[in-house]
Amino acid sequence: MLDTNLKSKINKLWDKFWSGGLSNPITAIEQMSYLIFMKRIEDEDEKRIREAGFTGERYTSIFKGHEDCKWSRWITKPAETILDHVRDKVFPFMRNIGDGDSLYKEYMKGANFGVPTASLLIEAVNIINDMHIKEQNQDTQGDIYEYLLSELTTAGKNGQFRTPRHIISMMVDLADPKIGDKVLDPACGTAGFLVNAYQHILQANKKEGVSTLTPAKKRILDDDSISGYDIDETMTRIALMNLMMHGIKKPNIKRANTLSDAEPRISDNTYDVILANPPFKGSLNESEISERFRIKTTKTELLFLELMYLALTPSGRCSVIVPEGVLFGNSNAHKRVREILLTDCRLDAVISMPSGVFKPYAGVSTAVLFFTKGEPTKKVWLYKMEADGYSLDDKRTFIDGNGDIPEILEKFKNREKENPIDRKKKYFFVLVEEIKEKNWDLSISKYREIEYEEVKYEKPEVLKKRILDLEEEIVKGLRSLKI
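Counting from 10, one number per residue, gives the positions in the sequence shown under the working numbering.
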């Protein structure tokens, strides 16, 4: 986690962009990303040159013939020329780095450098230099970028909004991606799930703080294990840079409407782990929807669930956020999706979250579904989350950052040993036969027993006498004041 000093510098950078005219958070974060990335390119190039000197390997600087595009060179230019130089020389160079077929290069084609004034550019450069990004380790560099992204506080179109990092972490821990797993987010946004999954795998393969991965396994993790799709071009670019900031040199992020038949298309039976918070606001035109779907609906939350089911390998696992309506919706499509999750998959857990988790973006109630493809469900573990470690109002004030999450992970892990059946608790098992009888309803309120506390009230005549006696006392008091 970042210290207070670094956070204050990032906040200062945001303030400069807002006061400089870039008030749209998505635009601001995109432009900040470009600047941080420009610095990182030179830092990484210098590191590769030093390593080549030690190992004797041949390495040609990416700046060969473009030395004036180095961060350390152009930041010294005078105010009257710096903006033109970055816009007309440095940015086009940055946009074209990488292999000819790299996804980064492909999706940066339409990118534009939009810092409007030289003064804002110089102020941003000074703040970024002051963060000492070069001296930070890889984890801290990633945390700097994650903290920048956490300031995105406006919902996008089609119900897009950023998933809180601690909720992402809980969902990744539930799915537990491992080395060799192919991990997918079909609506990746800024790639928060993919970053967390990547770090989860790295952390699981460390011994006394040192990586135990062989170069071959690390290459598989970096090049072939992490994939994401998003329909929004800006989000696609931010996701690419986010993964590159975290050490993945060739991130596999593609721009696509994953619910259509257009290319690029998510393949069936391909991914071992899927992690997602797909958009679930509104619906699509029927003409846009892929013919691969068996469920006839235009609701995106239901289509994404079937897409994830199709994309999983047999025994693949999925951790996904859905709106609460998916749990109990009465349409044929809602029932059919739940039937698939319970008969063609092992629905391991339904974690109902409080409505404040996604504030200030939205107050909608949501749930996390965790399921494994390929075997029928026998019983479902339900949990009623009451706290997530932050206040559930628009301010989302830090309390302990955990709430029920440690208990959720512990109780889920030990659920078979504990076999909870007391329905007065926050968590318990429900047999699939009972769920089927109730139209495949997965809402915990359908099964949880509310323990009522008996309250004894005094008889009406006793209460009436008490009120009259009180009135008399008040009148006496008023009379004494007049005297």
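In this text, a Cβ means the ideal position worked out from N, Cα and C, and glycines have one as well.
Computed from a prediction, not measured in an experiment: that's the story for all the values here.
Range of the contiguous alpha helix (DSSP H) that encloses M80: The identity of residue 80 in the sequence shown is Trp, whereas the question assumes Met. Under the DSSP assignment, W80 falls in the alpha helix (DSSP H) whose first and last residues are W80 to W83.
Can you list, in chain order, the stretches of the beta strand (DSSP E) that have 3 or more residues and sit fully within the segment 46-119? Within the segment 46-119, no complete beta strand (DSSP E) run reaches 3 residues.
For F63, which residues of its own chain have a beta-carbon under 6 Å away from its beta-carbon, when the five flanking residues on both sides are left out? A distance below 6 Å between beta-carbons, with the five flanking residues on each side excluded, links F63 to no residue of its chain.
Using 10 angstroms around the beta-carbon of P173, count the other beta-carbons present and answer buried if the total reaches 16, otherwise exposed. Burial check for P173: the Cβ neighbour count within 10 Å reaches 16 or more, so the residue is buried.
Would you report the Cα separation of G65 and Y318, rounded to the nearest angstrom? Going by C-alpha positions, G65 is about 48 Å away from Y318.
DSSP state of G237 mapped onto helix, strand, coil: G237: strand per DSSP, three-state reduction.
Quick check on Q169: buried or exposed, where buried means 16 or more other Cβ atoms within 10 Å of its Cβ? Because Q169 carries a pLDDT of 49, less than 50, the predicted location of this residue cannot be relied on, and no value is offered for it.
Using only the alpha-carbon positions, how far apart do F202 and L230 sit? In this structure, the alpha-carbon of F202 lies about 15 Å from that of L230.
Which class does K433 belong to by DSSP, given the choice of helix, strand or coil? The three-state secondary structure of K433, taken from DSSP, is coil.
DSSP state of Y466, grouped into three classes? Y466: coil per DSSP, three-state reduction.
Report the rounded CA-to-CA distance for N121 versus R96, giving the unit in angstroms. The alpha-carbon atoms of N121 and R96 are separated by roughly 8 Å.
For L252, which residues in the same chain have their Cβ closer than 6 Å to its Cβ, ignoring the five residues on either side in sequence? Closer than 6 Å at the Cβ level, and outside the excluded window around L252, lie A200 and P260.
How many Å lie between Y456 and E443 at the Cα? Distance from the CA atom of Y456 to the CA atom of E443, rounded to whole angstroms, is 9 Å.
Please report how far the alpha carbon of Y466 lies from the alpha carbon of D431, in whole angstroms. The alpha-carbon separation between Y466 and D431 amounts to approximately 30 Å.
Use the C-beta contact count for N205: other C-beta atoms within 10 angstroms, 16 or more gives buried, fewer gives exposed. If you draw a 10 Å sphere on the C-beta of N205, you find 16 or more other C-beta atoms in it, and that means buried.
Can you confirm whether the segment 382-398 touches the segment 331-338 when touching is taken to mean that 3 or more C-beta pairs between the two stretches lie within less than 8 Å? Between the segment 331-338 and the segment 382-398 there are fewer than three inter-stretch CB-CB distances shorter than 8 Å, so the stretches are not counted as touching.
What residues in its chain sit with their C-beta under 6 Å from that of M179, if we drop five residues either side in the sequence? So the list reads I414, once near-sequence residues are dropped.
With a 10 Å radius around its C-beta and 16 neighbouring C-beta atoms as the bar for buried, classify S28 as buried or exposed. It counts as exposed.
Please report how far the alpha carbon of S32 lies from the alpha carbon of S70, in whole angstroms. In this structure, the straight-line span from the alpha carbon of S32 to that of S70 is close to 36 Å.
Among the residues of its own chain, which have a CB less than 8 Å from the CB of V484, if the five just before and after it don't count? Nothing meets the Cβ criterion.
Looking at I35: is its Cβ nearer than 8 Å to the Cβ of T243? Judged by beta-carbon spacing, T243 lies within the 8 Å limit of I35, meaning their Cβ atoms are closer than that value.
On the premise that I330 lies in contact with L312, defined as a C-beta separation below 8 Å, what is that separation, rounded to the nearest angstrom? Not quite, the Cβ-Cβ distance comes to about 15 Å (not below 8 Å), so this is no contact.
Euclidean distance between Cα positions of N339 and K393: Answer to the nearest angstrom: the Cα atoms are 21 Å apart.
Helix, strand or coil: which one does DSSP assign to A196? DSSP places A196 in coil when its eight states are reduced to three.
Taking all protein chains shown into account, do 16 or more other C-beta atoms lie within 10 angstroms of the C-beta of I39, making it buried, or fewer, making it exposed? The sequence as given places Glu at residue 39; Ile does not occur at that position. Answer is buried; the Cβ neighbour count reaches 16.
What is the rounded straight-line gap between the Cα of K258 and the Cα of T245? Each residue's Cα considered, the two are about 15 Å apart.
Of all the alpha helix (DSSP H) runs that stay within the bounds of the segment 208-255, which reach a length of 4 or more residues? Counting whole runs of 4 or more residues, the segment 208-255 contains the alpha helix (DSSP H) stretches 224-233 and 242-254.
For A396, which of helix, strand or coil comes out of DSSP? In the displayed model, A396 falls within coil according to three-state DSSP, outside both helix and strand.
Quick one: residues in its chain with C-beta nearer than 6 Å to the C-beta of F26, no 5 flanking neighbours on either side, listed in chain order? Correct list, in chain order: A37.
Is it buried or exposed for F407, if we count other Cβ within 10 angstroms and need 16 for buried? By the 10 Å Cβ count, F407 comes out exposed.
Helix, strand or coil: which one does DSSP assign to M179? M179 falls in the helix class under three-state DSSP.
Tell me whether the segment 189-198 and the segment 280-296 touch, counting them as touching only if at least three CB pairs, one residue from each stretch, are closer than 8 Å. Yes, they touch.
Quick check on DSSP: helix, strand or coil for K388? Strand, per DSSP.
For A342 versus K305, is the C-beta distance shorter than 8 Å? Yes. Within cutoff.
Which first and last residues belong to the alpha helix (DSSP H) in which D139 is found? Counting along the chain, the alpha helix (DSSP H) containing D139 begins and ends at A127 to D139.
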